[in-house]
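Have a look at the structure below before the remarks.
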Amino acid sequence: MTSPENRIINHDIAREAGNDEHLHITSGTISLDYKPMQPNATDLDQQILELKKKQELQKQMLLHTFHEQTKELELRHKMQLEQKYQYAVHSHGAFQELREQRLSAAAAAAA
């Protein structure tokens with residue numbers, strides 16, 4: 151029978167450990183040392199540019215959504231005002247008819 155240390159194959163360790171981790175095996179103990187890799191300046195600049203582009207796209211999408219919602223709200227408000235106007239015109243017309251009927255009924259009763 152082989153010991154657990156002998157069963158671990160080197161290339162499997164590298165694949166499982168990830169980019170920033172190093173697995174050190176000594177006789178009888180296994181320790182995992184985390185050593186973050188220092189990204190170079192060009193990688194950081196590239197990441198910053200990508201984040202700025204992503205942020206700008208999100209900003210544009212938010213502005214577009216805001217404008218669309220504003221247009222929709224303005225249209226709804228306009229339709230509500232038109233409905234209120236039509237109701238007011240109709241109500242005023244009905245009120246005028248009732249007033250004229252009362253005046254003519256009062257004039258007929260007085261005569």
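Its first residue numbered 151, the sequence shown is counted upward by one per residue in this note's numbering. Ideal placement from N, C-alpha and C gives every residue a C-beta, glycine not left out.
A238 sits in a helix when the DSSP states are folded into three classes. Here the alpha carbons of L201 and L194 stand approximately 10 Å from one another. When secondary structure is reduced to three states using DSSP, A258 falls in the helix class.
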